[in-house]
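Just so we're aligned, residue -7 is where the sequence shown starts under the numbering used here, counting upward by one. Even for Gly, the Cβ is constructed at its ideal location relative to N, Cα and C. These numbers were taken from a predicted model, which means no experiment stands behind them. Structure, as structure tokens:
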Amino acid sequence: MTIQPLPVPTRIFGGEGLISYASRHAARNGTTVEKIERSLSEAGSIPKPSHRRTPERLQAWRSLGALHENAFATPAVIDGADVIDRMLCLRCTQGSGGTGRLPRIGWVCAGHRRWLGTPQHDIRSLPELVAAERHYRRVLAPRGVLVRSPIMQWARECAITGIAQSEMAERNRRVATSNPNLLTYPETVRIARLVTDPGFNTGMLQPGFRARERHAVSVKASTGMFPQAEDNESWRVAHRITVMFNAIAGEIERNPSRTAGTTPYSTTLAQAWRIWGR
């Protein structure tokens, strides 16, 4: 049986998932996903939908929407890291509230100047977040650092620890939110870029490099990233960076065989995290 497109077309948004699109497409055609799939199942076009993403179901909805074969093809996992489903930009979706996977995009819609967390915020008054997003897309995404990857979560914790409270208050005033993830996004991206930089990794993980030498490098780097922070605040960030690289260096020394196929002292932290389960 050839499945024909539904009468009213529905544009699919970039990265949009099956459940989101199917719900919108069914609603635009005055019906429900359940009714459509029941009819298809009774006709033998798809099995009873016991699994939400069977190949037959995916293809059926591509046909129902006259969609390209690449629709619903964004992977759930990339290099061992989860690609989360999240709300798409409300401006991009014209308020429809679709969900999808966006592995190459951080927490900012650069085109509409919107924070993509929950809830979404207009961040036109915080251009530094848009600048950080451009760094994320140009540097971190190609390195395999996703928004919910451990490295980003760790970097966010560092950023919250190290940012000056005066800077937090000033951004809070401009955007009228106290969301720490939003307010520290520039610093989060900056830290993640630093610790996944191949050159920084080469220096921090070079053979014979001692803990106090790593700490000195970390202090210099973190002071430059948080120029308005108090000494104790930037020191806490340096301490976190040092502890992380000490752990990775120790693991390299104890288990050199686990780096088979890689060059241990030029391996980025994002790769190291996967290798050693950090």
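Once you ignore the five residues that flank Thr91 on each side, which residues in its own chain have a CB closer than 8 angstroms to its CB?
-> Glu8, Gly9, Ile11, Ser12, Asp77, Arg78, Met79, Leu80
Beta-bridge pairing of Ala73 - partner residues as DSSP gives them | Ile70
Note down, in chain order, each residue of its chain lying with its Cβ closer than 7 angstroms to the Cβ of Arg228, except the 5 sequence neighbours on either side.
-> Thr153, Gly154
Through-space distance from Pro190 to Asn247, alpha-carbon basis | 21 angstroms
Counting only runs of 4+ residues fully inside the region 19 to 104, write out the alpha helix (DSSP H) ranges in chain order.
-> 25 to 34, 47 to 57
Just mark Asn279 as buried or exposed, buried being the case when its beta carbon has 16 or more other beta carbons within 10 Å.
-> Residue 279 is absent from the structure shown; the chain starts at -7 and stops at 270.
Ends of the alpha helix (DSSP H) at Thr167?
-> Per the sequence presented here, residue 167 reads as Val, with Thr not at that position. 157 to 167 is the span of the alpha helix (DSSP H), which, as asked, contains Val167.
Alpha-carbon to alpha-carbon, Trp107 and Pro119 | 11 angstroms
Measure from the alpha carbon of Arg105 to the alpha carbon of each residue in Pro47, Ala123, Arg116, then state which is nearest.
-> Arg116
Look at the alpha carbon of Gly6 and the alpha carbon of Thr180, and state the distance between them as a whole number of angstroms.
-> 25 angstroms
Of the choices Arg140, Glu149, Asn193, Arg148, whose alpha-carbon is the least far from that of Asp74?
-> Arg140
Identify the continuous alpha helix (DSSP H) that holds Val122 and give its terminal residues.
-> 119 to 127
Segment contact, 8 angstroms Cβ cut-off, at least three pairs: the region -2 to 5 with the region 50 to 61 | yes
Alpha carbon to alpha carbon, what distance is there between Gln86 and Arg129?
-> 23 angstroms
Rounded to the nearest angstrom, how far is the Cβ of Thr234 from that of Ala203, given a contact under 8 angstroms?
-> 7 angstroms
Arg202 - DSSP class collapsed to helix/strand/coil | coil
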